[in-house]
Every structure is written in structure tokens, then in C-alpha cells.
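Residue numbers for the sequence shown follow the working numbering, beginning at -7 and rising by one.
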Amino acid sequence: MEISVAAVTANKRLSKALIRLAAPLTEIEESPKAIDTTNEPFDIFQVVLMDEPETYIDVEPAGSGSRILQVAVGLPDTLTFKPQDDQIFLSAIKKQIETAVEESSLSRETKHAILSRMRQL
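Here it is, written out as C-alpha cells:
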């Protein structure tokens, strides 16, 4: 399993924060790599951070034959994306990834494996 975090935003501070957080985000993205997804509907879980409220979630399979599931999620309005708040931003990203995993069509076992690995970080 692969996790990919991307952003579609007009907020330049969010983009800069993602650059600052590249190392911990890479840890999150790579945490489920050893999980076998042969019997799952997708191998790549792409989480797209959007300029939407925290409650926003849109699960969208990438199309016929694709092994990608794209999940667009919002973020808390209270985030400032300033360097002093990087850990708060990182926690918000992890929370949204966890929500997206829980909402996905993955098996219960695979969801549990992914969430367990992420929570160890």
C-alpha cells in the first residue's frame, strides 16, 4: 500500500508548510508500504488536501482499471500554516488521512494495519 499526500490550494502558506514537513510526511506516506493489497480494490491511496472545511471528504476512485483511490479532504479553519504550528498541521493531516482510510472500501484488516502503522509514528 502506498499513501500519497497532495494539496490543491490557493494558500501559499499551506504549500510552504508541506515543504517544511516533507520528512515527517514521507514517514506517513511510507508507513504502510509493506502491507499487501493484492486482494484490495486499490494500491495507492492519494489524499488531497483542499481549501474546504474540516468535515469535507470526497472519495473518488480514479477510474476503470486504476489502482488509485483519491480522497479529497478539508482542513480545520484554525490552522495558520506558520512554522510554530507545524506539529498542529501535521496532526491535522494525520487525522484526515485516518478518516479517509476509515471511509475507504479497504478491508477491515487492511484498514487496521494502515492505521496501526500510522499511529506508531
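Glycine residues also receive a C-beta, built at the ideal position from the N, C-alpha and C atoms.
N-terminal and C-terminal residue of the beta strand (DSSP E) that residue i is part of
{"i": "residue 46", "result": "Taken as a continuous stretch (DSSP letters only), residue 46 belongs to no beta strand (DSSP E), as it is neither H nor E."}
{"i": "residue 61", "result": "60 to 65"}
{"i": "residue -4", "result": "-6 to 0"}
Chain-order list of residues whose beta-carbon lies under 8 Å from that of residue i (same chain, five-residue window excluded)
{"i": "residue -4", "result": "21, 36, 37, 38 and 39"}
{"i": "residue 23", "result": "-5, 106, 109, 110, 112 and 113"}
{"i": "residue 72", "result": "5"}
{"i": "residue 0", "result": "40, 41, 42, 43 and 64"}
Delimiting residues of the alpha helix (DSSP H) encompassing residue i
{"i": "residue 84", "result": "78 to 95"}
{"i": "residue 20", "result": "14 to 22"}
{"i": "residue 32", "result": "No alpha helix (DSSP H) contains residue 32, which DSSP labels as neither H nor E."}
{"i": "residue 102", "result": "100 to 111"}
Cβ neighbours of residue i in the same chain (closer than 6 Å, five flanking residues each side left out)
{"i": "residue 97", "result": "33"}
{"i": "residue 88", "result": "65"}
{"i": "residue -7", "result": "24, 27 and 29"}
Nonlocal neighbours in the same chain, by C-beta distance under 7 Å from residue i, ignoring five residues either side
{"i": "residue 2", "result": "43"}
{"i": "residue 60", "result": "34, 36, 38 and 54"}
{"i": "residue 75", "result": "12"}
When the options are compared against residue i, the one with the closest alpha-carbon
{"i": "residue 69", "options": "85, 90 and 58", "result": "85"}
{"i": "residue 15", "options": "78, 58 and 57", "result": "78"}
Under 8 Å, with one C-beta from each stretch per pair, do the region 45 to 52 and the region 0 to 7 reach the 3-pair mark?
no
Would you check if the region 24 to 42 and the region 57 to 71 touch, i.e. whether three or more CB-CB distances between them fall below 8 Å?
yes
Is there contact here, the region 95 to 103 with the region 21 to 35, by at least three beta-carbon pairs under 8 Å?
Touching, per the Cβ criterion.
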